[in-house]
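Visitor: Using the working numbering, read the sequence shown as starting at 936 and increasing by one per residue.
We treat Cβ as the ideally placed atom computed from N, Cα and C, and that holds for glycine.
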Amino acid sequence: MSTFPTSRLAWNDYQVILAVARHGSLSKASQALGTSHPTLFRRVRDIEASLGTALFERSRQGYRPTSAAAGLLQLAEEFDRRLRDMERDAEMAAAGRLTLATTEVLVPRVMPLLLARCRRELPQLAFNLVTGESLANVRQREADIALRSGGEPDGELIGRVICNIEVAIYAPVDWPKVAEDKLHLHSWITVDETLGHLASSQWLEAQGLARHAVVRCSSTLAVCRLIEEGLGIGILPCHLGDANPRLRRVSSLLTDFRSQLWLLTPRQLRGVPKVSAAVECLTAGLREMKDLFEGRLVGRRRVR
936 MSTFPTSRLA
946 WNDYQVILAV
956 ARHGSLSKAS
966 QALGTSHPTL
976 FRRVRDIEAS
986 LGTALFERSR
996 QGYRPTSAAA
1006 GLLQLAEEFD
1016 RRLRDMERDA
1026 EMAAAGRLTL
1036 ATTEVLVPRV
1046 MPLLLARCRR
1056 ELPQLAFNLV
1066 TGESLANVRQ
1076 READIALRSG
1086 GEPDGELIGR
1096 VICNIEVAIY
1106 APVDWPKVAE
1116 DKLHLHSWIT
1126 VDETLGHLAS
1136 SQWLEAQGLA
1146 RHAVVRCSST
1156 LAVCRLIEEG
1166 LGIGILPCHL
1176 GDANPRLRRV
1186 SSLLTDFRSQ
1196 LWLLTPRQLR
1206 GVPKVSAAVE
1216 CLTAGLREMK
1226 DLFEGRLVGR
1236 RRVR
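1. In whole angstroms, what separates the C-alpha of L1139 from that of F976?
2. Go to T1240, then tell me how far its beta strand (DSSP E) extends in each direction, as first and last residue.
3. To which residues of the same chain is V1158 closer than 6 Å at the C-beta, ignoring the five residues directly before and after it?
4. Out of I952, R995, V1042 and R1032, which has the shortest C-alpha to C-alpha gap to D1015?
5. Of all the options Q1142, H1132 and E1128, which has the alpha carbon lying nearest to the alpha carbon of K1117?
6. Taking R1183 as part of the beta strand (DSSP E), name the residues at either end of that continuous run.
7. Out of Q950, S960, L1182 and R995, which one is the CA nearest neighbour of L1018?
8. According to DSSP, simplified to helix, strand and coil, what is W1197?
9. Quick one: give me the first and last residue of the alpha helix (DSSP H) that G1176 is part of.
10. Considering only C-alpha positions, which residue in the set V1150, D1177 and P1107 is nearest to R1044?
11. Alpha carbons only, please: which of V1040, P1088 and G1085 is nearest the one belonging to V1065?
12. So the alpha helix (DSSP H) F991 belongs to, where does it begin and stop?
13. DSSP puts F1062 in a beta bridge; with which residues?
14. Among K1209, E1229 and G1230, which has the Cα closest to the Cα of P1058?
15. Relative to the C-alpha of D1020, which residue among G1090, F1228 and A1078 is closest?
16. Does the Cβ-Cβ distance between I1097 and L1033 come in under 8 Å?
17. Can you tell me which of T1190, M1224, G1090 and H1132 puts its alpha carbon nearest to the alpha carbon of L1175?
18. Taking all protein chains shown into account, decide if A956 is buried (16 or more other Cβ within 10 angstroms of its Cβ) or exposed.
19. Given a cut-off of 8 Å, decide if R1231 and E1091 are closer than it, judged by their beta-carbon atoms.
20. D981: buried (16+ other C-beta within 10 angstroms of its C-beta) or exposed?
21. Would G1206 and L1048 be called neighbours here (beta carbons separated by less than 8 Å)?
22. Within 10 angstroms of its Cβ, does T1037 collect 16 or more other Cβ (buried), or is it exposed?
23. How is the beta strand (DSSP E) around S1084 delimited, first residue to last?
24. Just verifying my parser: in three-state terms, what is the DSSP assignment at R1099?
25. Since P1208 is in the beta strand (DSSP E), which residue starts that stretch and which ends it?
26. Around the Cβ of T1155, are there at least 16 other Cβ atoms within 10 angstroms (buried) or fewer (exposed)?
27. Is there a Cβ of chain B sitting closer than 8 Å to that of T1037, yes or no?
28. Does DSSP put A1028 in a helix, in a strand, or in coil?
29. Let me make sure I understand the geometry here. Which of E983, R995, V1042 and E1012 has the alpha-carbon closest to that of T1001?
Dropping the structure here:
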């Protein structure tokens, strides 16, 4: 715990320290706090001056908390968690609104159908939809429910597997035939190094196909749009590729890159009626889409 006279700090000072530590840069932290970069710079400088010590190490890589900041960050995290719990408990009791976090790639085809179903079956509920790859928003109670691909969740989250997510190679629908043994003859649209952890991305590198990329993207949705426009072929999840009339599957399922679709909630929300009702509704809707996720719907026709 910090030995600083913490009574000198107001809650918004802790918010500043926490935001800078979480984001690692003043520009991102200022956006999160809704303030300007110069204002935040002055706030950090004034806080450090009032405590008589540096809280962050500055470098080209950003802002890193010093050892002196550890106790303050612990307090800030605890204050933030308690405040969110209080706000969430009040919201759950009165407002009828839930926050649903998911990945960008599920937004175009999947989320509209799911949310429409929930509005029909649970008209008393309203939703905030948050997109992004990180699970931090669920662990920090910024979201009530998350829909993600991946493996077994950690102890802070509870969840259920809905189905598998299959992927395949897709080409524009009007392209000539693409032979699986001649993939190197074609231009490729691939994800970039920000998604280099994906097994499919590593396979493209290992096969030497990544060097045929005419465009690399930090978004799977961008890969899909560029394939639509005829720039090349690429790997997509079947729920995105098979539902798109402008694309054609040109490979068998790449089962080595299969993942699982998880519906997750924070452990603290187990048994909350609104969350339980939403989870059941979402689960039913997703299971109706199982054939699409698992690559058994091609051109809106079921295949075995």
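Guide: Reading from the atomic positions:
1. If I take the Cα positions, the gap works out to 43 Å.
2. This structure gives no information on residue 1240, because the portion of the chain shown stretches from 936 to 1239.
3. Closer than 6 Å at Cβ, skipping near neighbours: I1124, C1152 and G1169.
4. A check of alpha carbon separations from D1015 across I952, R995, V1042 and R1032 identifies I952 as the nearest.
5. The closest CA to that of K1117, considering only Q1142, H1132 and E1128, is found on Q1142.
6. That run of the beta strand (DSSP E) goes L1182 to R1184.
7. Taking L1018 as reference, the option from Q950, S960, L1182 and R995 with the minimal CA-CA separation is Q950.
8. Secondary structure at W1197: strand, using DSSP grouped into helix, strand and coil.
9. Note, G1176: alpha helix (DSSP H), C1173 to G1176.
10. When the alpha-carbon of R1044 is set against those of V1150, D1177 and P1107, the nearest one is in D1177.
11. If we check each option's Cα against that of V1065, V1040 comes out closest.
12. For F991, no alpha helix (DSSP H) run applies; the uninterrupted beta strand (DSSP E) run containing it begins and ends at F991 to S994, by DSSP.
13. According to DSSP, F1062 bridges with L1033.
14. Per the Cα distances, K1209.
15. Nearest of G1090, F1228 and A1078 to D1020, Cα basis: A1078.
16. Cβ distance not < 8 Å, so I1097 and L1033 don't count as in contact.
17. The option with the nearest alpha carbon to L1175 is M1224.
18. Classification for A956: buried.
19. Going by C-beta atoms, E1091 is not nearer than 8 Å to R1231.
20. Counting of Cβ neighbours within 10 angstroms places D981 among the exposed residues, the total staying below 16.
21. L1048 sits away from G1206, with the two beta carbons spaced by 8 Å or more.
22. Buried: at least 16 other Cβ atoms inside 10 Å.
23. Its beta strand (DSSP E) spans residues I1080 to G1085.
24. It should be noted that the sequence gives Asn, not Arg, for residue 1099. Residue state for N1099 is assigned as strand, using DSSP reduced to three classes.
25. Element bounds for P1208: not the beta strand (DSSP E) but the alpha helix (DSSP H), P1208 to E1223.
26. With at least 16 other beta carbons inside 10 angstroms of its own, T1155 counts as buried.
27. Absent from the structure is chain B; it holds one protein chain and no more.
28. Model confidence at A1028 stands at a pLDDT of 45, short of 50, so the residue's coordinates are unreliable; what they give is reported in the following sentence. In this structure, A1028 counts as helix in the three-state DSSP scheme.
29. Closest by alpha carbon: E983.
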